[in-house]
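S.K.: The opening residue of the sequence shown carries number 1 in UniProt numbering; numbering runs sequentially from there.
From the three backbone atoms N, C-alpha and C, an ideal C-beta is built for every residue, glycine too.
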Amino acid sequence: MSFDAQALAAAVERLGPLVRVLVAGSAGSVPREAGTEMLVGAAAQEGTIGGGTLEWQATLRARELLAAGAAGAVSRVPLGPALGQCCGGAVVLAFERLDAARLAQLGTDALVARALDGSAMPLAVSRLLARARGQGALPRDPLLEGGWLVECAAQPARPLWIWGAGHVGRALVAVLAPLPGLAITWVDTGAERFPEAVPTGVAQLVAANPAELVAHAPGEAEHLILTFSHQLDLELCHRLLGHGFAAAGLIGSASKRARFHSRLRGLGHADAQILRIACPIGDPTLGKHPQAIAVGVAAALLKRPSATQTAKDRAG
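#1: Between which two residues does the alpha helix (DSSP H) containing R63 stretch?
#2: Can you find a heavy atom of the ligand GDP that lies under 7 Å from the Cβ of V206?
#3: Please name the residue, chosen from P210, L149, V150, L129, that lies closest to G165 on a Cα-to-Cα basis.
#4: Which of the three DSSP states is assigned to S253 in this structure?
#5: Identify, in the order they occur along the chain, each residue of the same chain with its Cβ nearer than 7 Å to the Cβ of T48, setting aside the five sequence neighbours on each side.
#6: Between which two residues does the beta strand (DSSP E) holding C152 run?
#7: Within 10 Å of its beta-carbon, does G134 have 16 or more other beta-carbons around it, so buried, or fewer, so exposed?
#8: Please go through the UniProt domain "XdhC Rossmann" (160-300) and give each complete beta strand (DSSP E) segment of 3 or more residues, from N-terminal end onward.
#9: Along the chain, where does the alpha helix (DSSP H) containing V12 start, and where does it finish?
#10: For the structure I just gave you, are there three or more beta carbon pairs, one from the segment 93-100 and one from the segment 11-23, closer than 8 Å?
#11: If you draw a straight line from the C-alpha of D143 to the C-alpha of A153, how long is it?
#12: Could you tell me which of L213, G80, V91 sits nearest to G35, measuring between CA atoms?
#13: Hey, how far is the Cα of G169 from the Cα of G50?
#14: Cα separation between H216 and L79?
#15: Hey, would you say L224 sits closer than 8 Å to L172, going by beta carbons?
#16: Can you name, in chain order, every residue of its own chain whose Cβ lies under 7 Å from the Cβ of A113, other than the five neighbours on each side?
#17: Using 10 angstroms around the beta-carbon of F260, count the other beta-carbons present and answer buried if the total reaches 16, otherwise exposed.
#18: Is DSSP giving P122 helix, strand or coil here?
#19: Alpha carbons only, please: which of G107, G146, P139, C237 is nearest the one belonging to G118?
#20: By the three-class DSSP mapping on this structure, what secondary structure does Q135 have?
#21: Looking at V12: is its Cβ nearer than 8 Å to the Cβ of L103?
#22: Could you have a look at A44 and say whether DSSP puts it in helix, strand or coil?
#23: Identify which residue in V297, V77, A73 has its Cα closest to the Cα of V30.
#24: Output needed for P218: all residues of its chain with C-beta closer than 6 Å, excluding positions within five of it in sequence on either side, in chain order.
#25: Determine the contact status of T189 and A208, defining contact as a CB-CB distance below 8 Å.
#26: Just the Cα atoms here: how many angstroms apart are G316 and A82?
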């Protein structure tokens, strides 16, 4: 996870001034990895750093800092019997008060470096920033050094378009929306087809002919096609093959896959391109319940690198 100024600004709008609790470092067995965050407002909170006594005490500490107007703090917490936990490791938590004015001060550089306690910049942080400017070397995990916290700015979100708001579409959005780093666009033919409560951050698009919206999807987007109509599914596949995409999946059976392959070939698409559309989707060993399909699709998505990451790997 990284410093996502846009998401944090939206959180400040929802929660008011807040304290961001960041797992800035860890040793041994811990419930969540470095970079995990929890946002604590005066009356509500979002995210989790692992639950249990660790999270409860961190929440209390965050609200104390919020009430006191403190800029930030750092705490090293052993995860042993004193907390009623048996992880055996330890975490370093960085507490940082954020509001609209503070976020504006932090800027939009590739590396976001700031003091949590008002101290002068340590030499290690100065060298890290110099390497980032001169060589493009960015740290994978947060760096906490001498009261300063350094994080990479968030990369552009991974675009995922979900075509269809039926049972499987709803299950997919429910599973995927809480995950960081995804920009979900959800498409169907009418507003009434969506649930009343759509998760925060999910963009809804309504179109009488959803296939017309393919032209507006980013070329690096991933797509999941699961509408109520086989004809619409076919048209979406046809349009996507002409438009370009990072990955695509089509709900259906082996027979649907064979039928669509034949029809798409007849529309002029090469076999190699048609085979880029996965069908069926999910993990067949999990079953065909909508939530089971969603779990399988989510697992495959998490294992597959985004188009942006693949491009970075090739370049680096």
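M.R.: Looking at the coordinates:
#1: Mapped onto the sequence shown, residue 63 falls at position 63. That run of the alpha helix (DSSP H) goes 52-68.
#2: Judged by which ligands are present, the structure shown has none, so any question about the ligand GDP falls away.
#3: Numbered from its first residue, the sequence shown carries residue 165 at position 165. For the record, residue 165 in the displayed sequence is Ala; it is not Gly. Among P210, L149, V150, L129, the Cα nearest to that of A165 belongs to P210.
#4: Here residue 253 is taken as the residue at index 253 of the sequence shown, counted from 1. DSSP places S253 in coil when its eight states are reduced to three.
#5: Position 48 of the sequence shown holds residue 48. The residues are M38, E55.
#6: Here residue 152 corresponds to residue number 152 of the sequence shown, with the count starting at 1. Boundaries of the beta strand (DSSP E) around C152: 148-152.
#7: Residue mapping note: residue 134 aligns to position 134 of the sequence shown, counting from 1. Looking at its Cβ environment, which holds fewer than 16 other Cβ atoms inside 10 Å, G134 is exposed.
#8: 182-188, 203-206, 222-225, 247-250
#9: Numbered from 1 along the sequence shown, position 12 holds the residue referred to as residue 12. Per DSSP, V12 belongs to the alpha helix (DSSP H) from 5-15.
#10: For the pair of segments examined, the segment 93-100 was found to touch the segment 11-23: the number of CB pairs separated by less than 8 Å reaches three.
#11: The count along the sequence shown starts at 1 and reaches residue 143 at position 143. The count along the sequence shown starts at 1 and reaches residue 153 at position 153. Looking at the sequence itself, residue 143 is Leu, so the reference to Asp does not match. Rounded to the nearest angstrom, the two C-alpha atoms are 13 Å apart.
#12: Here residue 35 refers to the residue found at position 35 of the sequence shown. G35 has its Cα closest to that of V91, out of L213, G80, V91.
#13: Locating residue 169 in the sequence shown gives position 169, counting from the first residue. Locating residue 50 in the sequence shown gives position 50, counting from the first residue. Cα to Cα, the separation comes out at about 28 Å.
#14: Taking the first residue of the sequence shown as position 1, residue 216 is located at position 216. Taking the first residue of the sequence shown as position 1, residue 79 is located at position 79. Taking the straight line joining both Cα atoms gives about 48 Å.
#15: The count along the sequence shown starts at 1 and reaches residue 224 at position 224. The count along the sequence shown starts at 1 and reaches residue 172 at position 172. The Cβ-Cβ distance between L224 and L172 falls below 8 Å.
#16: For the purposes of this step, residue 113 is identified with residue 113 of the sequence shown, where counting begins at 1. Beyond the five residues adjoining it in sequence on each side, A113 comes within less than 7 Å, by CB distance, of V125, L129, W148, V150 in the same chain, given in chain order.
#17: Here residue 260 is taken as the residue at index 260 of the sequence shown, counted from 1. Classification for F260: buried.
#18: Numbered from its first residue, the sequence shown carries residue 122 at position 122. The three-state reading of DSSP puts P122 in coil, since its state is none of H, G, I, E or B.
#19: Looking up residue 118 in the sequence shown gives position 118. When only C-alpha atoms are compared, the closest one is G146.
#20: One-based indexing of the sequence shown puts residue 135 at position 135. Reduced to three states, the DSSP call for Q135 is helix.
#21: Taking the first residue of the sequence shown as position 1, residue 12 is located at position 12. Taking the first residue of the sequence shown as position 1, residue 103 is located at position 103. Yes, they are a contact pair.
#22: Within the sequence shown, the letter at position 44 stands for residue 44. Correct three-state label for A44: coil.
#23: Residue numbering aside, residue 30 sits at position 30 when the sequence shown is read from its first letter. For the residues V297, V77, A73, the minimum Cα distance to V30 belongs to V77.
#24: Locating residue 218 in the sequence shown gives position 218, counting from the first residue. Once the five neighbours on either side are set aside, the close Cβ partners of P218 are P159.
#25: Sequence index remark: in the sequence shown, residue 189 carries index 189 (1-based). Sequence index remark: in the sequence shown, residue 208 carries index 208 (1-based). Their beta carbons are under 8 Å apart, which means T189 touches A208 by this criterion.
#26: Within the sequence shown, residue 316 is the residue found at index 316, counting from 1. Within the sequence shown, residue 82 is the residue found at index 82, counting from 1. Low confidence applies to G316: its pLDDT is 46, below 50, so where it sits in the model is not reliable enough to give any reading.
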